[in-house]
Structures are given as C-alpha cells and as structure tokens.
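In terms of the UniProt record's numbering, the sequence shown is residues 1 to 367.
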Amino acid sequence: MPDNFSYEFFSDTASAWQAMFEAIARAQKLVYWEVYMFLDDEQGKKYVALLCEKARAGVEIKLILDAVGSMEFTASAERELRLAGVEIVWYNPIFPRHFFRRWRERLWQRNHRKVLVIDGENGFVGGVNVHAAHRNWNDLHLRISGDTVRSLLYGFARSYIKSGGDKTKMRKILHPRLMLGLPEWRNKIRFFFHSPNQKSKRDLQQFFFNAMEAAKTSVTLLTPYYVPNRDFLRLLERATRRGIRIDLLVPARSDIQLMDILAQKYFQKVHEMGVNIYLSDQMNHSKAMVVDDNMGMVGSVNLTKRSFDINEEVGAYFTNVDMVNDLNKILSGWKEKAKPLALVKIHARGWWWRFKAWWADRFEKYV
C-alpha cells in the first residue's frame, strides 16, 4: 500500500457523523458529497451550517442528493446552501410535466450511494445517511486517506455529470492523468461504482458473484434488508453445495416492516440450503461481506433486487490484511450478540402473518 494510506472503520451512525463533521471542518479546498438521504433535521442542520461556513470561506462544495431519498430536504435549507455558494445537483428529480412512463422510470431508479470526498485526500464510503432518526443505529462507514481517494473523486465526477452537473467543471478530475500511479495498490483496495442501467458498470454485482464463487471455506454477509434476486439465491445454493459455510446477519426488526416480511419468506429457502441466519436485536443498517477471512467489502448495497438491478450503488473492496481483520472483528462481535434463527420459528406463523406476506408479495418487485 502507498506510504500515505490510512483507514478507519466506524461501526455506528453517531461516530461516523462525528468523523465526517470534523473532516469537513478541516477542509481547505473541496468537499464533494454524494448521499441518498439528507434531511435538514436536528442532525442535518449542523451539516448545513458547517457547509455554508466552509463555502463562504472559499471551499468548493458540491452535493449530489437523491430526489426521493432526500425529498424532505426543505427548500429553505437548499436556498441557504446555494446563497452561501454550495452547488446542489439532484439525481433523477421528478417533475409533473413528465409523461407517466418517464415519471415511473425516474421514480424507480435511485442513487443509493454514500460518498464523501474532502480535498481529494480523504474519503468516506459506506451505509450512513443524514437522518436524526438513525442516530442510535449500528452502521458501517469507512474512512480512507491517501492517493486511493482519487478513485472516489473520479466516481463522484461521473455521478455529478450524470445528475446534470456541468461537465467542464470536472474536466481536470476526469483527465486520465489523475489515475496514474494507482495500479500499484488497486489489487489491495478498489472502489466499485454500480450502475445497473449500464451493463458495463455492474461492477458491484459482479464482485459479489466472483467473490462467492472463489470462496474456499466461509462467507459472512451483513445486510439490513434481505430480498435477493434469483441469481443471488442460485449463487448461495452453489456455495453451500461446495461446503462453504455461509453466515447471514440481519436485524430481527428493521425500520421497514415490508422488508422484514419479505425477508422472512426467503429465510426458509436459504436456511434449507444450509445458510446460518443470525438476527440482531438492534437495528443494523450495515452492508458488508467477508470471504475466507482474507477479502472484505463495505458499501451501500443491500442484498435486495433493487440494489442489484435498479439502484446506483458504491462499494469498497479490499484484501489488505489489517483491514479485513478489523472488519472481521466488528462482524464477529455483532454475530456473537445476535440470535441464531431456528427453523421451528420459521414455520410457527399464523394466518395474520401469512396474510401480510401475501400482501407484501404484491410489492416485492419494487423493493
């Protein structure tokens, strides 16, 4: 790894917020932030005030906000930021003038990424949004410092242009010269920018498939929502048939009841394949994977059809020994506190649950 490389994992929302806040406060040149959910609530207002302060001090600040995930971001907060000099672009905004079909397409495809780049030298990536209601959640966020951040900067620039930003403002960042010297560490850490509507950019999905096919002993998966597509189910089945131990860690109750009902439908299928399911009492919004204790991934991607087939997602994949060990310690700690799901519990369902499951099935293709 490069001499200037450093990293840090954050395993809860509050600590990630604090680290990002402090990093923005130290910014000297630029703050580029791409985030799915940003509300100007109790927590969001702190960021709005800080971003305005930094913009007035001459720091270049650009925000990419998802038009659905951040739909509660108020017009007054947006106006305050713009007046201070912050540039805001909205991913897939929805306007009444669009025909229904186009409106529907724009509604379904969302930018679910969470990427923060500061001065081109410090970057954050993971699952953390800006919403005060998430304060007490467990969530994984990764800070990276050094030359490796150039890949995150490049990915932000592409997303900025796709969201309607001025391409000329990203000319320097997109110049091939920016990526010179990076191949030396790309085999140790790599960032994936997943765009399902571009077949050549389905990198994150391909990573999951390649990593699990290459597994020799074990795979640990962590997701807040579990509604996999058929390809992923087949992948799990092939892995368990090869004798790979697969542990799936999910919250017993997430923040979305519909997702919980749909997840339970799939628990029986994968349990019968031999997958070990662990339910955590606390809400855990993390998205992570460890393969054979020598490969790790942290990002924004849920194990759902929407993440694999519809959303824009991001992930950091690494084989750096220290990083994998640190991630493994976090996941092992959560797994020790979680409760294994017994098959008898899966079958013990009454008519009311079956009715809710039937109703939830009507919406499965949208989640």
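Cβ atoms here follow ideal geometry from the backbone N, Cα and C, with glycine treated the same way. On a predicted model such as this, the values are computed, not experimentally measured, just so you know.
- Among the bridge pairs identified by DSSP, G69 is matched with none.
- Counting only residues of its own chain and dropping the five nearest sequence neighbours on each side, A288 has a CB closer than 6 Å to the CB of L140, L222 and V298.
- With a 10 Å radius around the Cβ and a threshold of 16 neighbouring Cβ atoms, R82 comes out exposed.
- For N138, the closest of N328, T13 and E87 by C-alpha to C-alpha distance is T13.
- The C-beta of R230 has fewer than 16 other C-beta atoms within 10 Å across all chains shown, which makes the residue exposed.
- The continuous alpha helix (DSSP H) containing K45 extends over residues E42 to R56.
- At least 9 Å separates the beta-carbon of F38 from that of Y32.
- The three-state reading of DSSP puts T13 in helix, counting H, G and I together.
- With respect to the C-alpha of L63, the residue from M295, A23 and L116 having the closest C-alpha is L116.
- Note on M295: 16 or more other CB atoms within 10 angstroms of its CB, so buried under the neighbour-count rule.
- Sorting K329, K335 and L341 by C-alpha distance to the C-alpha of F9 places K329 at the top.
- Straight across, the Cα-Cα distance linking I261 with D322 is about 37 Å.
- The C-beta distance from R110 to N302 rounds to 12 Å, too long to meet the 8 Å contact threshold.
- Look at the stretch 107-189 and you find these whole runs of alpha helix (DSSP H), each 4 residues long or longer: 149-162, 171-174 and 183-186.
- Residue environment: G127 is assigned as buried (16 or more neighbouring CB atoms within 10 Å of its CB, all protein chains considered).
- DSSP, reduced to helix, strand and coil, places N284 within a strand of the structure shown.
- The secondary-structure analysis by DSSP pairs G243 with nothing; it has no beta-bridge partner.
- In the DSSP assignment, A263 falls within the alpha helix (DSSP H) that extends over Q257 to M273.
- Under DSSP, the beta-bridge partners assigned to M295 are V291.
- Taking 9 Å as the cut-off, the beta carbon of L152 is found no closer than this to the beta carbon of I161.
- Ranked by how close their Cα comes to the Cα of E72, the residues R242, N4 and V130 have V130 in first place.
- Each residue's CA atom was taken as its position, placing A157 and K169 some 9 Å apart.
- The secondary-structure analysis by DSSP pairs W33 across a beta bridge with L63 and L116.
- The stretch 268-287 makes no contact with the stretch 203-217, as fewer than three CB pairs between them are under 8 Å.
- The distance from the Cβ of E34 to that of R113 is about 5 Å, consistent with a contact at the 8 Å cut-off.
- Nearest to G155 by C-alpha distance, out of K337, E313 and E80, is E313.
- Counting along the chain, V314 sits inside the beta strand (DSSP E) bounded by residues E313 to F318.
- Distances from the alpha-carbon of S218 to those of L233, H194 and I246 put I246 closest.
- Straight across, the Cα-Cα distance linking A23 with L50 is about 11 Å.
- When secondary structure is reduced to three states using DSSP, K329 falls in the helix class.
- Boundaries of the alpha helix (DSSP H) harbouring L81: A75 to A84, taken from the DSSP string.
- The alpha-carbon separation between K337 and R135 amounts to approximately 20 Å.
- For S218, the enclosing beta strand (DSSP E) begins and ends at S218 to L222.
- Distances from the alpha-carbon of K188 to those of A75, S254 and N320 put N320 closest.
- Counting of Cβ neighbours within 10 angstroms places D66 among the buried residues, the total reaching 16 or more.
- With fewer than 16 other Cβ atoms from the protein chains shown falling within 10 Å of its own Cβ, A25 counts as exposed.
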